[in-house]
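**Student:** This is the structure, below, for whatever I ask next.
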Amino acid sequence: MNLERLREIQDEIANRVTISEPGEIEYVAGIDTAFFRYSGTEYAVSSAVLMSYPGLELLKVESVVDTVDFPYIPTYLMFRESRTAIKALKKVLREKTVVMVDGSGLAHPRRCGIATYIGVELSLPAIGITKKRLCGEVAGEGDVKKLIVDGEHVGYEILTCRRCKPIYVSAGNMITPDKALEVVMNCLRGYKLPEPVRMADKYSKKVKSEYLSDLQSSI
DNA sequence: GCGACAG
DNA sequence: ATCTTGTCGC
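Quick note on this note's numbering: the first sequence kicks off at 3 and runs consecutively.
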């Protein structure tokens, strides 16, 4: 599978993106993936959390461990972690849920970050969250600046806590950049990352360490 | 050619 | 992302 073909796949996904106002939001899901190698094999641990919105009560946590075959290549992250992530996500999904993914949405050279891919593939509203800017330019001043990619306003760079570096929010699918920003703001609880992503990150690392110690004690 | 480059 | 101790600061 060459990059040219993978690029075509991303272009196809990008063409299926919908930018619209999602309906009523009752839940918000978060998804994150951790990695580790064991006996020469690489594994991915994806954890998905489901929280009420806007109350943010933790309702469900599900994790999936899988082997990984694709390397990390900037702008091709979806081919590395989406399979495991989608498996975990499907276990917590309900109607009226917006998904928050640890990765770009439309803030991607071909408008196809992993959040967009997951959103289009599962046909649901998705938001991309990253701690580093993959591409685009930042415009404006203050704690909330616009993120522009190829002249298109796809999301925002926001300062979620003073003394912290900013995070990047972008629409993934079936949501507008402004609505994505609103949902993320409503999921902030004093930490750098919005709760759904922060919780998913925490659980993926927890399950990873438990899984590793199980493997090592079963020798 | 050079620099940039999510997780 | 991951490998890693102490350490600065709220």
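Virtual Cβ for every residue (Gly too), placed ideally from N, Cα, C.
If you draw a straight line from the C-alpha of Leu-108 to the C-alpha of Thr-77, how long is it?
**Tutor:** As a working note, residue 108 is residue 106 in the first sequence. As a working note, residue 77 is residue 75 in the first sequence. Taking the straight line joining both Cα atoms gives about 11 Å.
**Student:** Quick one: residues in its chain with C-beta nearer than 6 Å to the C-beta of Leu-91, no 5 flanking neighbours on either side, listed in chain order?
**Tutor:** Start at 1 with the first residue of the first sequence, and residue 91 comes out as number 89. Once the five neighbours on either side are set aside, the close Cβ partners of Leu-91 are Ile-33 and Ala-50.
**Student:** With DSSP collapsed to three states, give me the class of Thr-162.
**Tutor:** As a position in the first sequence, residue 162 is number 160, starting the count at 1. Three-state DSSP puts Thr-162 in coil, outside helix and strand.
**Student:** Please state whether the Cβ-Cβ distance between Val-151 and Gly-138 is less than 8 Å.
**Tutor:** Stepping through the first sequence from its first residue, residue 151 is reached at position 149. Stepping through the first sequence from its first residue, residue 138 is reached at position 136. In contact: Val-151 and Gly-138 (Cβ atoms closer than 8 Å).
**Student:** On the DSSP bridge list, what partners appear for Met-102?
**Tutor:** Position 100 of the first sequence, counted from the start, is the residue given in the question as residue 102. Paired residue(s): Gly-32 and Ile-129.
**Student:** So, helix, strand or coil for Ala-182, using DSSP?
**Tutor:** As a first step, residue 182 must be located in the first sequence, where it is residue number 180. If DSSP states are grouped into helix, strand and coil, Ala-182 belongs with the helices.
**Student:** Quick one: Cα of Gly-57 to Cα of Arg-113, how far?
**Tutor:** As a first step, residue 57 is located in the first sequence; it is residue number 55 there, counting from the start. As a first step, residue 113 is located in the first sequence; it is residue number 111 there, counting from the start. Cα to Cα, the separation comes out at about 31 Å.
**Student:** Is the beta carbon of Gly-130 less than 8 Å from the beta carbon of Gly-153?
**Tutor:** Mapped onto the first sequence, residue 130 falls at position 128. Mapped onto the first sequence, residue 153 falls at position 151. Taking 8 Å as the Cβ cut-off, Gly-130 and Gly-153 do not qualify as a contacting pair.
**Student:** Pair every Cβ in the segment 175 to 186 with every Cβ in the segment 10 to 26, then say whether three or more of these pairs are closer than 8 Å.
**Tutor:** With a cut-off of 8 Å, the segment 10 to 26 and the segment 175 to 186 count as touching, because enough Cβ pairs lie within range.
**Student:** Quick check: Ser-264 and Val-66, are their CB atoms within less than 8 Å of each other?
**Tutor:** What is shown of the chain runs 3 to 221, which leaves residue 264 out entirely.
**Student:** Using 10 angstroms around the beta-carbon of Arg-82, count the other beta-carbons present and answer buried if the total reaches 16, otherwise exposed.
**Tutor:** As a working mapping, residue 82 is identified with position 80 in the first sequence. Looking at its Cβ environment, which holds 16 or more other Cβ atoms inside 10 Å, Arg-82 is buried.
**Student:** Could you tell me the distance, in whole angstroms, from the CA atom of Lys-134 to the CA atom of His-110?
**Tutor:** Position 132 of the first sequence, counting from 1, holds the residue named residue 134. Position 108 of the first sequence, counting from 1, holds the residue named residue 110. Cα to Cα, the separation comes out at about 12 Å.
**Student:** List the DSSP bridge partners of Leu-149.
**Tutor:** On the first sequence, residue 149 is found 147 positions in, with the first residue counted as 1. Beta-bridge pairing links Leu-149 to Val-140 and Gly-157.
**Student:** Where Glu-212 and Glu-143 are concerned, what is the direct C-alpha to C-alpha distance, given to the nearest angstrom?
**Tutor:** Reading the first sequence from its first residue, position 210 is the one you call residue 212. Reading the first sequence from its first residue, position 141 is the one you call residue 143. So the two alpha carbons sit approximately 44 Å from each other.
**Student:** Determine the direct distance from the alpha carbon of Glu-26 to that of Leu-61, and round the result to whole angstroms.
**Tutor:** On the first sequence, residue 61 is found 59 positions in, with the first residue counted as 1. On the first sequence, residue 26 is found 24 positions in, with the first residue counted as 1. Spanning the two alpha carbons is a distance of roughly 18 Å.
**Student:** Judging by CA-CA distance, which residue of Lys-93, Glu-59, Val-101 and Leu-8 is the nearest neighbour of Arg-191?
**Tutor:** Stepping through the first sequence from its first residue, residue 191 is reached at position 189. Of the listed residues, the one whose Cα sits closest to Arg-191 is Glu-59.
**Student:** What is the DSSP secondary structure of Phe-81, counted as helix, strand or coil?
**Tutor:** Locating residue 81 in the first sequence gives position 79, where the first residue counts as 1. Reduced to three states, the DSSP call for Phe-81 is helix.
**Student:** Which residue from Val-70, Glu-197 and Glu-64 puts its Cα closest to that of Lys-89?
**Tutor:** Sequence index remark: in the first sequence, residue 89 carries index 87 (1-based). Nearest C-alpha to Lys-89: Glu-64.
**Student:** Judging by CA-CA distance, which residue of Thr-35, Ile-15 and Leu-136 is the nearest neighbour of Lys-208?
**Tutor:** Counted from its first residue, the first sequence places residue 208 at position 206. Comparing Cα-Cα distances from Lys-208 to each of Thr-35, Ile-15 and Leu-136, the minimum goes to Thr-35.
**Student:** Does DSSP classify Gly-121 as helix, strand or coil?
**Tutor:** Walking along the first sequence from the start, residue 121 turns up at place 119. Three-state DSSP puts Gly-121 in a helix.
**Student:** Are the beta-carbon atoms of Val-171 and Leu-161 separated by less than 8 Å?
**Tutor:** The residue labelled residue 171 in the question sits at position 169 within the first sequence. The residue labelled residue 161 in the question sits at position 159 within the first sequence. No, they are not a contact pair.
**Student:** Please name the residue or residues paired with Phe-37 in a DSSP beta bridge.
**Tutor:** Within the first sequence, the letter at position 35 stands for residue 37. In the DSSP output, where bridge partners are listed per residue, Phe-37 has Ala-46.
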